[in-house]
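Structure, as structure tokens:
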Amino acid sequence: MPENRPKIVPPSIQLHLTLEMPYNTYFLGDLLVRSQALLEQERALEKRTVSIIDLQQRLRAVENIMKIQIRKKTQFHVKVSQGREERIGRNNLINSEKLEIQMNRLQTEQYY
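Mapped onto this note's numbering, the consecutive letters of the sequence shown carry residue numbers 187 to 298.
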């Protein structure tokens with residue numbers, strides 16, 4: 187079972203450890219005090235992060251709308267081409283029936 191005690195860092199390693207703090211933070215007693223500029227920078231970064239997330243959501247929404255429109259256009263074109271094929275088929279059938287009727291008339295006229 188591991189121990190949860192803090193580990194002691196030897197002095198040789200302590201020399202290599204540095205504490206990195208932004209230049210505009212300082213300690214006032216035990217309290218870490220941040221300057222107004224740092225707070226404003228953090229707020230600006232937060233706003234940028236939120237706006238990036240918002241832009242990503244908007245982009246996804248627009249992409250979804252475009253996909254739906256493309257799908258609808260494709261379905262429309264398929265229906266149009268099917269309708270065209272059906273009309274052509276009906277027209278061919280009607281034309282063949284007309285031709286058959288004309289042939290029958292000609293045959294009857296020739297017969298009499």
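Every residue, glycine too, gets a C-beta built ideally from N, C-alpha and C. Because the structure is a prediction, the values reported are computed rather than measured.
Assignment of residue 282 by DSSP, reduced to helix, strand and coil, places it in the helix class.
Between the alpha carbons of residue 277 and residue 247 lies a gap of roughly 45 angstroms.
Assignment of residue 221 by DSSP, reduced to helix, strand and coil, places it in the coil class.
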